[in-house]
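In the working numbering, the protein residues as written are 21 to 274.
In this text, a Cβ means the ideal position worked out from N, Cα and C, and glycines have one as well.
Report on the following structure.
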């Protein structure tokens, strides 16, 4: 039995469908929810209910984002949801600024992933946000950081200047690095490397591009440099990674 078959068999034997809800209920700084394909909330934890000013997570069920958030936020969440539902792809640790019910602003690292039923059909969306709990008075600096982070995520394959990015965020280079480490636990170089490796791993299993093409797409002028970085981060060379996981993505046993 392969590791994947062992995992599938184990999950099928679990009878507690509320396990996820109970786990996230125990994490007060994590906001969690499940939505169906119509973007209707099917589940949430108490931290989510608190964020939207409701007394219980049960009052969230059956509503949509437009019932709970200001229009500008509801439109933003709807756009995210529609993208995940249309592409079947989520996103990880996106820095977001959210107005709080009691006034002020809150920063969160948000992740959304599609969820599927036992037959593989798209069922809905799972969303998790981690409250960064910034010190009072730091919100504006993080707003500027969020704009720069978006730029890094869009231009990670380029040679980025730390000095220019820090200046754009209104910070010194040292302050900029500290902000990145506070949010992502990574330096600028580490954050860019993470983005490049994540993108490369997707190209390896979702496309038939050559390693040379993928290396260039990820910002490496030489294939050997990409291979070294990928292996040191993932633990295996890109060719082996494609052989191991490419078949799974296409629904074929490796």
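- Residue 148 has its alpha-carbon roughly 11 Å from the corresponding atom of residue 111.
- Contact annotation, residue 84 with residue 59: C-beta distance approximately 5 Å; criterion of less than 8 Å satisfied.
- By the neighbour-count criterion, in which 16 or more other beta carbons inside 10 Å mark a residue as buried, residue 53 falls on the buried side.
- DSSP places residue 51 in the uninterrupted beta strand (DSSP E) bounded by 50-56.
- Membership of residue 220 in the alpha helix (DSSP H) is indicated by the continuous run 208-226.
- The three-state reading of DSSP puts residue 177 in coil, since its state is none of H, G, I, E or B.
- Rounded to whole angstroms, the separation of the alpha carbons of residue 41 and residue 105 is 22 Å.
- Collapsing the DSSP output to three states places residue 97 in a helix.
- The secondary-structure analysis by DSSP pairs residue 146 across a beta bridge with 54, 133.
- Its chain contains 229, 234, 237 as the residues whose beta carbon lies nearer than 7 Å to that of residue 223, once the 5 sequence neighbours on both sides are disregarded; these appear in chain order.
- Looking at 263, 226, 265, 212, the one whose alpha-carbon comes closest to that of residue 246 is 212.
- Using a Cβ-Cβ distance cut-off of 8 Å, the region 169-185 and the region 203-218 are in contact, since at least three pairs of beta carbons, one from each stretch, lie closer than that value.
- Within the same chain, Cβ atoms closer than 7 Å to the Cβ of residue 192 are found at 186, the five residues on either side in sequence being excluded.
- Between residue 113 and residue 131, the gap from beta carbon to beta carbon is short of 8 Å.
- The same chain holds no residue with a CB closer than 8 Å to that of residue 198 once the five nearest residues on each side in sequence are set aside.
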